[in-house]
Each structure stands twice: as C-alpha cells, then as structure tokens.
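S.K.: For reference, the structure I am asking about is given below.
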Amino acid sequence: PAGTTRYVLQGTGEVEASNFGGGVAEDGPFGVGPGSLVETTEQCNLRWVSDGEGFVILTPSFEDWTEYLSAVAILVLVFGFALANAGGFGGG
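If you count the sequence shown from 1, you need to add 35 to reach the working numbering.
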C-alpha cells in the first residue's frame, strides 16, 4: 500500500519496486542491509532478493504488541480450558 515502511533487521541483498499492476521496475534495484529503512510513497510491489539466508523484515505493525498479546492471551485461555476439562472426558 501507499506509504508502506519496512525495516531490514537482518540480511543483505536488493529490493526492487514495481508499479502495482505492472511488475516492471521503473528504477533499478536498491541495495539493502541491516538497518535499512524502505519507504514507499505510492502503491507498489516490493521484490526482495537476498544474498544469502534471507531477510528479517519488520513492519510498523510489529511494534504494536497489543494484537500479539491479545492472540497469545486467547490461546492461553483456549488451551487452559481444554486442559482443565480433559480429565472429565475419561470414563471414571
């Protein structure tokens, strides 16, 4: 989407931006590495090419821990409920 921001935490390589419907980059690929910040001003596709093991890329939503913690809390409640009721299903 327009205004997308990506932060490269690990990995080196290149990133290439192309028109959303096109697929052909208007500019050449740009080198990226740890600490690189990639920002887009228009809606486009980003193509990541790694030199080695791949990338660890963070997005702004990664910093929003409320969604993550909510999902973890729900999982804990579901599994806790399942474990608490598991003993009742045996023939006893």
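For each residue, glycine too, the CB sits at the ideal point set by N, CA and C.
Taking only three categories from DSSP, how would you classify S105?
M.R.: DSSP places S105 in helix when its eight states are reduced to three.
S.K.: Output the boundary residues of the beta strand (DSSP E) element that contains S85.
M.R.: From DSSP, the beta strand (DSSP E) with S85 extends over C79 to S85.
S.K.: State the Cα-Cα distance for the pair S105 and T94, rounded to the nearest angstrom.
M.R.: Roughly 18 Å separates the two Cα atoms.
S.K.: Is F116 buried or exposed, if buried means 16 or more other CB atoms sit within 10 Å of its CB?
M.R.: Exposed, by the Cβ-count rule.
S.K.: Return the CA-CA distance between T35 and G38, expressed in angstroms with no decimal places.
M.R.: Residue 35 lies beyond the range of the chain shown here (36 to 127); nothing can be said about it.
S.K.: Give me the DSSP bridge partner(s) of S40.
M.R.: In the sequence as presented, Ser is not what sits at residue 40; that position holds Thr. DSSP output for T40 lists E74 as bridge partner(s).
S.K.: Using the Cα positions of G87 and T40, report the straight-line distance between them to the nearest angstrom.
M.R.: Whole-angstrom Cα-Cα distance: 23 Å.
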